[in-house]
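Report on the structure given below.
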Amino acid sequence: MATPAQKHFRNEMRELQKEGVEWYDKKYHYPKRGNKKKWSWGLVVFILFALFASGIPMKLYHDLTVSHDQRIRAYVQEREQYFSASDQSFKQVMNDINQLQNESSQSLLPSIKETKTTIELHYEKVKKMKPPKHFKDFHKETIQHYVMKLAAIDYIMDGALENRLEPTLLDTYINEMNIKLSALQPKLIEALQKSDLRYQIEPDGTITYWVKQHQYQSF
Numbered sequence: 001m002a003t004p005a006q007k008h009f010r011n012e013m014r015e016l017q018k019e020g021v022e023w024y025d026k027k028y029h030y031p032k033r034g035n036k037k038k039w040s041w042g043l044v045v046f047i048l049f050a051l052f053a054s055g056i057p058m059k060l061y062h063d064l065t066v067s068h069d070q071r072i073r074a075y076v077q078e079r080e081q082y083f084s085a086s087d088q089s090f091k092q093v094m095n096d097i098n099q100l101q102n103e104s105s106q107s108l109l110p111s112i113k114e115t116k117t118t119i120e121l122h123y124e125k126v127k128k129m130k131p132p133k134h135f136k137d138f139h140k141e142t143i144q145h146y147v148m149k150l151a152a153i154d155y156i157m158d159g160a161l162e163n164r165l166e167p168t169l170l171d172t173y174i175n176e177m178n179i180k181l182s183a184l185q186p187k188l189i190e191a192l193q194k195s196d197l198r199y200q201i202e203p204d205g206t207i208t209y210w211v212k213q214h215q216y217q218s219f
């Protein structure tokens with residue numbers, strides 16, 4: 001009668017006959033034989049060489065870079081569209097207020113209401129935008145500027161309704177808006193730098209940046 005050790009040995013032999021060398025490698029955790037490994041590495045090197053020779057990796061890199069740059073351009077341009085429209089509308093209201101003489105500020109209510117609606121609409125649009133990876137801080141600063149602008153237009157609306165706009169208080173709102181505005185350009189420059197996009201600051205303070213042979217202007 002076979003002993004337990006003999007039975008174990010026979011079982012292993014059956015497995016060996018069934019699976020061959022793979023059984024042995026699996027049992028003792030040996031790596032596959034050298035010639036197979038060399039053949040595999042040789043195949044990988046050959047495939048990589050063929051890919052680089054065909055130019056496919058460079059094309060993929062180019063396409064990814066273009067896609068990355070175009071997403072940034074699309075975000076900045078859409079954000080600029082809303083931001084500029086809101087800014088122009090607000091400046092028009094401020095210009096109307098400055099030109100008031102003996103007239104009641106209530107006469108400006110229609111244009112103030114229209115401006116408030118415009119800023120609120122653009123604020124909601126900007127909030128829903130998804131900024132690119134390196135533009136999140138810039139986006140947050142944009143939102144904060146909008147919040148301050150909305151607070152200012154709310155004060156103007158209330159003051160016009162009561163025909164009581166206090167220049168000192170209004171100046172306080174404007175100063176706070178300017179502080180938020182001044183924080184935007186450094187954040188935009190930081191985002192462009194992190195995104196490896198070329199840019200330059202123009203004499204008038206606007207920023208020109210380049211995206212794959214094209215240039216765009218902001219601010």
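Everything in the sequence shown is counted per my numbering, starting at 1 for the first residue and increasing by one. Positions of the beta carbon are idealized from the N, C-alpha and C atoms, including for glycine.
(request) State the beta-bridge partners of residue 123 as determined by DSSP. (result) Paired residue(s): none; residue 123 is not in a bridge.
(message) Taking the beta carbon of residue 186 as the centre, do at least 16 other beta carbons fall within 10 Å, making it buried, or is it exposed?
(response) exposed
(message) Short of 6 Å in beta carbon distance, which residues of its chain neighbour residue 191, apart from the five on each side in sequence? Order them along the chain.
(response) 134, 135 and 138
(request) For residue 97, collect the residues of the same chain with a Cβ closer than 6 Å to its Cβ; drop the 5 residues on either side in sequence, then sort them by chain order. (result) none
(request) Out of 103, 143 and 203, point me to the one whose CA is closest to residue 267's CA. (result) Here the chain comprises residues numbered 1 to 219, so residue 267 is not present and cannot be evaluated.
(request) Determine the burial state of residue 182: buried for a count of at least 16 other Cβ atoms within 10 Å of its Cβ, exposed for fewer. (result) exposed
(request) Following the continuous alpha helix (DSSP H) through residue 193, name the residue where it begins and the one where it ends. (result) 184-194
(request) Would you kindly check if the distance between the Cβ of residue 177 and the Cβ of residue 140 is under 7 Å? (result) no
(request) Give every residue of the same chain whose Cβ lies closer than 6 Å to the Cβ of residue 199, excluding the five residues on either side of it in the sequence, and list them in chain order. (result) 192, 207 and 209
(message) I'd like the span of the alpha helix (DSSP H) that includes residue 142, first residue to last.
(response) 136-161
(request) Using three-state DSSP, classify residue 208 as helix, strand or coil. (result) strand
(message) So for residue 30, helix, strand or coil by DSSP?
(response) Interpretation of residue 30 is limited by its pLDDT of 46, a score under 50 that renders its predicted location unreliable; no figure is taken from the coordinates.
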